[in-house]
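Let me begin by presenting the structure, written as C-alpha cells, before commenting on it.
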Amino acid sequence: MTTLRAFTLAALPDHGHKHTQQHLCLGVCVLVTGCGLVLAVMGKAEGSVAREEWHGHVTALSVAPEFRRLGLAAKLMELLEEISERKGGFFVDLFVRVSNQVAVNMYKQLGYSVYRTVIEYYSASNGEPDEDAYDMRKALSRDTEKKSIIPLPHPVRPEDIE
1 MTTLRAFTLA
11 ALPDHGHKHT
21 QQHLCLGVCV
31 LVTGCGLVLA
41 VMGKAEGSVA
51 REEWHGHVTA
61 LSVAPEFRRL
71 GLAAKLMELL
81 EEISERKGGF
91 FVDLFVRVSN
101 QVAVNMYKQL
111 GYSVYRTVIE
121 YYSASNGEPD
131 EDAYDMRKAL
141 SRDTEKKSII
151 PLPHPVRPED
161 IE
C-alpha cells in the first residue's frame, strides 16, 4: 500500500526557529508499506512579490536508492512546480552540488537552467575543500519575460544570496 501525504509544519520538529514558520512550507512525502519513506520533496515559498522574486524553493528532494530512475523525482518536482504556480510564484529554484552531475542533468531535463554559481556553498567534512553549488531555476507562467532565469555573468558567495 502506498500513502501520499502533504507535508505540513506540524510534521517538522519545533526547534524554536521562527525561520521555518515565516515561510509557507510546500512538500509531499510518499510512504510504501514495508519500505518506509520512499521519496520526499520539501520546499517553501519565499521572496518579494514587489521585486518579482516570489518563488518556490526546493529545500530537499530525496528518493530511496531502490526507487531511483523510475521518474518519481520528476513527478514530485512537477507537483511542487504546480503548487508554486498556484501560489503565484515567478519561478522555482534549487541548489545542487556542482559535482552531482546526475542531479544537474535531471534538473536540466526538467527544464531548469543554471542561474548562477555559488562559491563554497556546501561545507565540506574530513578536511576536504568546500564545494560550489549551482543555483538552478525554472521560470513559471507568471514570469512572462523569463527575467528570473537570465544567468548571472559571475559567481557569487553564500553571503551574497538574499
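Following UniProt numbering, the numbering of the sequence shown begins with 1 at its first residue and continues without gaps.
Just so it is clear, CB atoms sit at the ideal spot from N, CA and C, and this is done for glycine as well.
If you're wondering where the values come from, they're calculated on a predicted model, not measured in any experiment.
According to the neighbour-count rule (16 or more other Cβ atoms, all chains shown, within 10 Å of its Cβ), is Ser48 buried or exposed? exposed
Tell me the start and end of each unbroken beta strand (DSSP E) in the region 75-127 that is at least 3 residues and wholly inside, in chain order. 91-97, 113-122
Who does Arg137 pair with in a DSSP beta bridge? Asp93, Ser113
DSSP state of Ala73 mapped onto helix, strand, coil: helix
What's the call for Gln21, buried or exposed, on a 16-neighbour Cβ count within 10 Å? Model confidence at Gln21 stands at a pLDDT of 42, short of 50, so the residue's coordinates are unreliable and nothing is read from them.
For Glu131, the three-state DSSP class (helix, strand or coil): strand
So, for Ala74: in the same chain, excluding its five sequence neighbours on each side, which residues have a beta-carbon less than 7 Å away from its beta-carbon? Leu110
CB Val118 to CB Pro153, shorter than 8 Å? no
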